[in-house]
Amino acid sequence: MITLTNPSTGYINSPFDRMQTPPRTATRTAEIAYGLACWLAFGMVALGLLVATALLPGVGPRRVATQRSARLFLALIASSPRVTGLDQLPATPCVVVANHASYLDGVILAAVLPPRFAFVIKREMTRVPFAHFFLRRIGSQFVERFDTRRGAADARRILALAETRQSLVFFPEGTFRAEPGLRRFQGGAFAAAARGRVPVVPVIIRGSRAMLAADMLLPRRAPLEVLVKPPLHHDAAGDAVATLRSASRTSILADLPEPDLVGQES
């Protein structure tokens, strides 16, 4: 006689037992559906924002439209970030530096930060037609990373802008990869802060790599957090760039659940 008793429980097995835990295929289907819904929401919001930035006069109104669109997109995909420490952000000009883990980072900061900030972005984005048009219309600044002569010209332009005390946002790692960790900081953000005599505000973005890493095609649901740290000031004496860069990395690493990759990079 065949027994249908489960030896671990002593109860009779039921064909409904298998139905109590969703099969892996159902979970994967839900993940794919969420990812596709994210891209659909992004496309709809981005299209509306492109039209708005094309029609609105002036950088200020375009940045306000960008902030509202970023917030709408994150709300539509049920991923509005939890923000802590926004009151640490000075009302006066400053330079924000943030860790970089995903293409979502720019969207997240656009949603969180006041519209007075200009983003400093790698020049490779100028080769993406719609992105280039949009970023230029909201007053973003492009920096060359590979051509030394053009990079120097871009750096001088950013420093001149800093002297006008324009608030700027940098991702000082310059780029991002799939593997977790904080990469080496470039000096441009800190040179701009020193030249403009403004504080540096470290910002930590958590969860964006889990949601959309560099090697992912579809976003995954993940909690997003933004932590704004206290502003960092520098003295006129000494190497202000080195001091601000070191202090900013230390501040970000203290609240970033990822390793320090300096010394491990090729």
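FYI, in numbering that gives the first Met the number 0 the residues of the sequence shown are 0 to 265. For every residue, glycine included, the Cβ atom is placed at its ideal position computed from N, Cα and C. The structure displayed is predicted, hence computed values, not measured ones.
| query | result |
| --- | --- |
| Quick check for students: name the residue ranges of the beta strand (DSSP E) that lie wholly in the segment 167-249, counting only runs of 3 or more. | 167-169, 199-205, 224-227 |
| Whole angstroms is fine: what's the gap from Ile76's alpha carbon to Asp238's? | 44 Å |
| Could you check what DSSP says for Asp259 in three-state terms: helix, strand or coil? | strand |
| According to DSSP, Val142 sits in a beta bridge with which residue or residues? | Lys121 |
| What does a CB cutoff of less than 6 Å around His99 pick up in its chain, not counting 5 residues either side in sequence? | Phe170, Glu172, Phe175 |
| Report the rounded CA-to-CA distance for Val200 versus Tyr33, giving the unit in angstroms. | 34 Å |
| Identify which residue in Ala97, Ala40, Thr24 has its Cα closest to the Cα of Phe184. | Ala97 |
| Which two residues bound the contiguous beta strand (DSSP E) that contains Thr83? | 81-83 |
| Quick check on DSSP: helix, strand or coil for Ile1? | Caution applies to Ile1, whose pLDDT of 47 falls short of 50 and renders its modelled position unreliable; the model cannot decide the point. |
| For the beta strand (DSSP E) containing Val94, list its first residue and its last residue. | 94-97 |
| Tell me the rounded alpha-carbon separation between Ala246 and His233. | 10 Å |
| Report the three-state DSSP secondary structure of Gly268 (helix, strand or coil). | One cannot answer for residue 268 here, as it falls past the ends of the chain, which runs 0 to 265. |
| Contact defined as beta carbons within less than 8 Å: I believe Pro179 pairs with Gln87. What is the distance between those atoms, to the nearest angstrom? | Going by Cβ atoms, the distance from Pro179 to Gln87 rounds to 25 Å, so no, they are not a contact pair. |
| Go ahead and pull the three-state DSSP assignment for Phe129. | helix |
| Alpha carbon to alpha carbon, how far is Asp104 from Ala69? Give it in angstroms, no decimals. | 11 Å |
| What is the residue span of the alpha helix (DSSP H) that Leu39 lies within? | 23-54 |
| Relative to the C-alpha of Ala110, which residue among Ala161, Arg122, Arg62, Ala192 is closest? | Arg62 |
| By Cβ distance, which residues of its chain are closer than 8 Å to Pro218, with the 5 residues on each side in sequence left out? | Tyr33, Gly34, Cys37, Trp38, Ile76, Leu103, Met210, Leu211 |
| Near Val58, which residues of its chain fall below 8 Å by C-beta distance, leaving aside the five closest residues on each side in sequence? | Arg136, Ile137, Gly138 |
| Just mark Thr65 as buried or exposed, buried being the case when its beta carbon has 16 or more other beta carbons within 10 Å. | buried |
| Let me check understanding here. Comparing Cα to Cα, which of Pro198, Ala74, Leu223, Arg244 lies closest to Pro89? | Pro198 |
| Among Pro22, Gly262, Val202, whose alpha-carbon lies nearest the alpha-carbon of Val82? | Val202 |
| If I'm right that Leu231 touches Ala191 with Cβ under 8 Å, what's the distance once you round it to whole angstroms? | Not confirmed; about 13 Å, so no contact. |
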